[in-house]
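Number of protein chains: 2
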Amino acid sequence: MTFAARRPAAGTRDAADGYRLDDQVGYLLRRASQRHLAIFAARIPELTPTQFAALARLNQMGPLSQNLLGRETSMDASTIKGVIDRLAARGLVATDPDPEDRRRLVVSLTEAGRALFAGLAAEALAISEETLAPLTAAERRQFLSLLRKLA
Amino acid sequence: MTFAARRPAAGTRDAADGYRLDDQVGYLLRRASQRHLAIFAARIPELTPTQFAALARLNQMGPLSQNLLGRETSMDASTIKGVIDRLAARGLVATDPDPEDRRRLVVSLTEAGRALFAGLAAEALAISEETLAPLTAAERRQFLSLLRKLA
DNA sequence: CCCCGATCATTTGTATGCAAACGGAGTGTG
DNA sequence: CACACTCCGTTTGCATACAAATGATCGGGG
């Protein structure tokens with residue numbers, strides 16, 4: 009005796025009943041991102057994760073054109089523009105025209121930006137640790153490995 | 009002969025050099041969410057993932073107050089308001105005052121909303137599958153299990 | 001019964017994030 | 001050299017997200 013006999017023959021009804029929001033990867037990703045954001049905002053209130061990502065990439069790669077920096081940090085052209093505008097307004101990055109290509113706007117870290125990043129990098133690593141705290145060390149490695157395949 | 013001798017003695021410089029953006033869980037979560045969103049938008053262009061989540065929860069739980077629906081879908085009060093406003097403008101949900109508590113706004117699925125959800129549920133499951141496609145079946149189970157612990 | 005704290009919905013301000021369209025600038029081809 | 005194609009930066013419009021403040025309402029305690 010199963011429940012199969014109670015199911016309607018058509019497909020849509022089955023799918024609607026079988027859809028469990030709490031099991032969907034998109035919903036879980038959104039929730040995990042929200043939790044991470046809360047941890048980040050609590051420990052580094054002066055920057056957002058995206059702003060910090062831009063500083064980190066500039067620190068790692070040196071000056072980059074605005075659009076390229078966007079690609080290197082997974083932000084589209086309009087998003088990176090807003091991020092750079094806000095960082096520039098606070099004096100953390102400088103923007104200069106590229107003499108070799110007049111379309112380009114070269115973004116570079118200022119000394120203040122470099123110092124801020126250097127002072128916060130350890131805290132940023134601690135944020136990643138706290139985000140992964142519910143997992144054991146082995147689970148963290150496994151999770152990051154799988155997550156990388158989806159990114 | 010290692011590189012250790014070239015490292016400065018202080019801590020901040022070490023942390024700045026040791027910070028690899030591409031290894032940080034927050035960055036990877038953002039990228040995975042972006043990929044999922046692109047898949048969702050391509051396959052269900054008429055709804056956003058959050059809008060679909062609200063319909064799914066209403067389909068599962070029945071009518072709910074607006075704030076409670078927000079909690080049940082991990083959206084704060086101002087976010088869920090905008091989502092419900094847009095769904096209501098399209099006739100997919102109805103909002104009525106709660107006679108038992110005049111603070112509350114009861115949100116319920118309309119027939120159109122119920123039909124739309126039923127018609128899209130199978131596609132939504134396919135979206136989850138496509139998002140997880142880079143993983144094997146065993147990896148998917150493992151990944152979802154770990155992700156749930158972080159959400 | 002009145003007050004106090006909690007809850008509900010709303011509004012405002014700020015910050016991603018994506019789509020689409022635009023003009024300016026490089027590049028390669030015929 | 002002219003043209004098409006591409007890239008760069010910008011702008012607009014829309015949709016999450018969160019913080020903070022507000023006003024209305026509900027609940028319980030004194």
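Read top to bottom, the protein sequences are chains B and Y. Every position in the first sequence, counted from 1, becomes a number in the numbering used here once 8 is added. Every position in the second sequence, counted from 1, becomes a number in the numbering used here once 8 is added. Built from N, CA and C at the ideal position, the CB exists for glycine as well. Just so it is clear, the structure is predicted and the values come from calculations on it, not from any experiment.
Cβ separation of residue i and residue j, assumed to be a contact under 8 Å, to the nearest whole Å
{"i": "Y:G34", "j": "B:T139", "result": "7 Å"}
{"i": "B:K157", "j": "Y:L45", "result": "Rounded, the Cβ-Cβ distance is 17 Å, inconsistent with contact."}
{"i": "Y:T118", "j": "Y:L133", "result": "Incorrect: roughly 23 Å between the Cβ atoms, too far for contact."}
{"i": "Y:E147", "j": "B:L155", "result": "Not really, about 11 Å apart at Cβ, beyond 8 Å."}
{"i": "Y:A159", "j": "B:R39", "result": "4 Å"}
{"i": "B:Q150", "j": "Y:Q150", "result": "7 Å"}
Cα-Cα separation between residue i and residue j, rounded to whole angstroms
{"i": "B:M9", "j": "Y:L128", "result": "Any reading at B:M9 needs caution, since the residue's pLDDT is 47, under 50, leaving its predicted position unreliable; the model's value is listed next. B:M9 and Y:L128: Cα-Cα distance of roughly 30 Å."}
{"i": "B:L76", "j": "B:T103", "result": "13 Å"}
{"i": "B:S41", "j": "Y:L37", "result": "6 Å"}
{"i": "B:E137", "j": "B:L152", "result": "12 Å"}
{"i": "Y:R65", "j": "Y:T58", "result": "11 Å"}
{"i": "B:E80", "j": "B:A120", "result": "22 Å"}
{"i": "Y:A62", "j": "B:R112", "result": "42 Å"}
{"i": "Y:D106", "j": "Y:S73", "result": "8 Å"}
{"i": "B:A4", "j": "Y:A130", "result": "Past the boundaries of the shown model lies residue 4 of chain B; chain B is included only from 9 to 159, so the question cannot be answered."}
{"i": "Y:D31", "j": "Y:A123", "result": "43 Å"}
{"i": "B:R43", "j": "B:R51", "result": "13 Å"}
{"i": "Y:E54", "j": "B:L29", "result": "18 Å"}
{"i": "Y:V114", "j": "Y:D93", "result": "13 Å"}
{"i": "B:L95", "j": "Y:I135", "result": "36 Å"}
{"i": "Y:R110", "j": "Y:I88", "result": "19 Å"}
Exposure of residue i, with buried meaning 16 or more beta-carbon neighbours within 10 Å
{"i": "B:R83", "result": "Checking the sequence, you will find Met at residue 83 of chain B rather than Arg. It counts as buried."}
{"i": "B:F11", "result": "For B:F11, the predicted structure reports a pLDDT of 45, less than 50, and the residue's modelled location is therefore unreliable. The matter cannot be settled from this model."}
{"i": "Y:S86", "result": "exposed"}
{"i": "Y:A126", "result": "buried"}
{"i": "Y:A141", "result": "exposed"}
{"i": "B:A97", "result": "exposed"}
{"i": "B:A145", "result": "exposed"}
{"i": "B:G90", "result": "exposed"}
{"i": "B:G70", "result": "exposed"}
Where residue i meets chain B, residues with beta-carbon distance less than 7 Å
{"i": "Y:K157", "result": "P142, L143"}
{"i": "Y:S41", "result": "L37, R38, S41"}
{"i": "Y:E147", "result": "L154"}
Per-residue contacts from residue i into chain B (C-beta, under 8 Å)
{"i": "Y:R65", "result": "L29"}
{"i": "Y:T139", "result": "V33, G34, L158"}
Any non-hydrogen atom of the ligand PLP closer than 6 Å to residue i Cβ
{"i": "B:N75", "result": "As presented, the structure is devoid of all ligands, the ligand PLP included, so that no description of it is given."}
Contacts of residue i in chain Y (Cβ-Cβ under 8 Å)
{"i": "B:P57", "result": "G34, Y35, R38"}
Where residue i meets chain Y, residues with beta-carbon distance less than 7 Å
{"i": "B:S136", "result": "Q32, V33, G34"}
Within chain B, the residues that residue i reaches when beta carbons sit closer than 9 Å
{"i": "Y:Q74", "result": "In chain order: nothing, as chain B lies at least about 17 Å away."}
4 or more residues per run - each alpha helix (DSSP H) lying fully within the region 43–74 of chain B: The qualifying runs are 57–69.
To test your reading of the DSSP string, which unbroken alpha helix (DSSP H) runs of 4 or more residues are found completely within the region 80–159 of chain Y? Within the region 80–159 of chain Y, the complete alpha helix (DSSP H) segments of 4 residues or longer fall at 85–97, 119–139, 145–158, listed in chain order.
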